[in-house]
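Protein chains in written order, with numbering that gives the first Met the number 0: chain A, 0 to 237; chain B, 0 to 237.
There are 2 protein chains.
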Amino acid sequence: MKKINVCLSPALYQFYAENNTIVVMIDAIRASASICTAFMNGVKFIVPVSEIETALSYKKLNYIIAGERNGKKLNGFDFGNSPFNFTEEKIKGEKLAFTTTNGTQAVNLVKNDKHKNTELIIGSFINISALTEYLIKKNKNILILCSAWKNTVNIEDTLFAGRLAHLLLQKQKFETPEATNLALNIYKNSGNSYFNFVINNSPRLKSKLHFLEKDIKYCLTEDITDVVPFLKNNELHI
Amino acid sequence: MKKINVCLSPALYQFYAENNTIVVMIDAIRASASICTAFMNGVKFIVPVSEIETALSYKKLNYIIAGERNGKKLNGFDFGNSPFNFTEEKIKGEKLAFTTTNGTQAVNLVKNDKHKNTELIIGSFINISALTEYLIKKNKNILILCSAWKNTVNIEDTLFAGRLAHLLLQKQKFETPEATNLALNIYKNSGNSYFNFVINNSPRLKSKLHFLEKDIKYCLTEDITDVVPFLKNNELHI
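Okay, structure coming up:
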């Protein structure tokens, strides 16, 4: 039987990594949703970048550069990390370099992993049904990798992991180790009212509501798109 | 307002550690319960030891040595990690050196931490009410440090963290960051039927039921003792 495992922080990835695994990188609020939105609106491909300086160097290569730290757009960047930046008008046919506080770090962790046959895809609420179908077709062990908040566990990624595990288990039997059951418990408690659940459980997000409410609601909306971005040669494609 | 935070794995400790914090080390099944049982039955003090070789060297110093890896007693040791080993007959007035797969590693992590005014105490279901009172009296920020399973998140320590946070919040207001709320959600789902909840959510513990059932039930029983072991000069005392 295949397995669904959940890694609640990039700092724990080494203890969960295995051969022949498809890793679903999630940064539910907001990098994953922004990446999916960019593809929905026709971006050519995306280069995930850890360092701010590296992202800036892509500017000279005619990339659009998007970058955020601690929820705020970086100086010298075209966009921050709001999915509403990535409109068709601005992004269609363009190449994008993207750096965020948590999300792109997780992508690079998997990229540098030495395990065999590791594939990486991007998961978010906005592509969750397409993602579920993609994973079922792949028929591999699945590791849901939460980007977390500066390596500390966060509620929204854990909730997402539980929701995705729940959808997968509706399609097929999987082994569920205890981190997966933990995430399933969190999902169960959300009562499908993701926004209220996340805000009630995350003082961090609650404190940012005055400038992030619209983004948070968008990022917690299911099935806006059916793109499933995957990593190939250090670039995200669909 | 003081804060209750929860660190779900020793590998995340560095991201949660702060000055002026009282760290509650938990390895609910079984090290924490064994340590509390040993004190309940009159052990003089306990030296937590990471390495097997180091623990063995204490044998020559007339210590009783207890040691376990992967749930099994180590060769050359007096006891493994079952709380039922630590009877008054065997332990009263004795000095004990103790090494376990997960628990003693977490103690040593805190011991070597450079943060100021960090205190470490041992928490388990079997001393949870005494522990709650102790923490309320101390009036410091609290970090509940889960020993986890080889650095991967486990259900029983997360459940314990939620239960302890719940008891503390009944006494007094605290800030609860999202990892604490996550643990509170897990506790809420247990319906106070800890044994069934833990076994249903942990394939790892379920697979060990044939030799651990009695131990697991004991370790999940509240208020068997009112000892609260604390670390002082590399030794645990009460």
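No residue lacks a Cβ here, since even glycine has one placed at the ideal position from N, Cα and C.
Within this structure, are the beta carbons of Phe173/A and Met24/A separated by less than 8 Å?
No.
Since Phe242/A contacts Ala10/B with CB under 8 Å, what's their CB separation in whole angstroms?
Residue numbering for chain A in the displayed model covers 0 to 237; residue 242/A lies beyond these limits and cannot be assessed.
If we call anything under 8 Å between Cβ atoms a contact, is Ala16/A one with Thr99/A?
Cβ atoms of Ala16/A and Thr99/A: not closer than 8 Å.
I want to verify the contact list: residues of chain A whose CB lies under 8 Å from the CB of Lys187/B, in sequence order.
Within 8 Å Cβ-Cβ: Asn188.
Does the beta carbon of Asn18/A sit closer than 8 Å to a beta carbon anywhere in chain B?
Judged by the 8 Å Cβ criterion, Asn18/A is not in contact with chain B.
Applying a beta-carbon distance threshold of less than 7 Å, which residues of chain B neighbour Pro176/A?
What Pro176/A touches in chain B: Pro202.
8 Å is my cut-off, CB to CB: does Val23/B come that close to chain A?
Not an interface residue.
Simplified DSSP state of Glu50/A, which is helix, strand or coil:
It is coil, neither helix nor strand.
By a C-beta neighbour count over all protein chains shown, 10 Å radius and 16 as the cutoff for buried, is Asn80/A buried or exposed?
Buried, since its Cβ has 16 or more Cβ neighbours within 10 Å.
Alpha-carbon spacing of Asn4/A relative to Lys43/B, whole angstroms
Between the C-alpha atoms of Asn4/A and Lys43/B there is a straight-line separation of about 42 Å.
Taking only beta-carbon positions, decide if Ala10/B is within less than 8 Å of chain A.
It does: the Cβ of Ala10/B has a partner Cβ on chain A nearer than 8 Å.
Tell me where the alpha helix (DSSP H) around Thr11/B begins and ends.
Checking the displayed sequence, the identity of residue 11/B turns out to be Leu instead of Thr. Counting along the chain, Leu11/B falls outside any alpha helix (DSSP H), and DSSP gives it neither H nor E.
If you draw a straight line from the alpha carbon of Asn135/B to that of Lys170/B, how long is it in whole angstroms?
First, the residue type needs correcting, since residue 135/B is Ile and not Asn in the sequence shown. Near 8 Å, if we compare the C-alpha coordinates of Lys170/B and Ile135/B.
Could you confirm whether any beta carbon from chain A is found closer than 8 Å to the beta carbon of Tyr239/B?
For residue 239/B there is no data in the structure shown, the boundaries of chain B being 0 and 237.
Quick check on Gly190/A: buried or exposed, where buried means 16 or more other Cβ atoms within 10 Å of its Cβ?
By the C-beta density criterion, Gly190/A is exposed, having fewer than 16 other C-beta atoms within 10 angstroms.
N- and C-terminal bounds of the alpha helix (DSSP H) containing Thr20/A:
For Thr20/A, there is no enclosing alpha helix (DSSP H); the enclosing beta strand (DSSP E) has its first and last residue at Thr20 to Ile25.
In terms of residue numbering, what span does the beta strand (DSSP E) encompassing Leu230/A cover?
Taken as a continuous stretch (DSSP letters only), the beta strand (DSSP E) holding Leu230/A covers Phe229 to Lys231.
Specify the secondary structure class of Lys72/A as computed by DSSP and reduced to three states.
Judged by DSSP in its simplified three-state form, Lys72/A adopts strand.
Residues that Asn195/A contacts on chain B, provided the C-beta gap is smaller than 8 Å:
Chain order gives no chain B residues near Asn195/A, where near means a beta carbon separation below 8 Å; the closest approach is about 13 Å.
Determine contact between the region 89-99 of chain A and the region 65-81 of chain A, defined as no fewer than three beta-carbon pairs at a distance below 8 Å.
With the cut-off at 8 Å, the region 89-99 of chain A and the region 65-81 of chain A touch.
Please report the straight-line C-alpha distance between Trp148/A and Lys187/A, rounded to a whole angstrom.
Rounded to the nearest angstrom, the two C-alpha atoms are 22 Å apart.
Residues of chain A with a CB under 7 Å from the CB of Thr99/B: which are they?
The premise fails here: Thr99/B is roughly 18 Å from chain A at the closest Cβ pair, so nothing lies under 7 Å.
Three-state secondary structure (DSSP) of Leu7/A
If DSSP states are grouped into helix, strand and coil, Leu7/A belongs with coil.
Anything in chain B within Cβ reach of Ile154/A, meaning under 7 Å, just list it in chain order.
Neighbours of Ile154/A on chain B, chain order: Glu177, Asn180 and Leu181.
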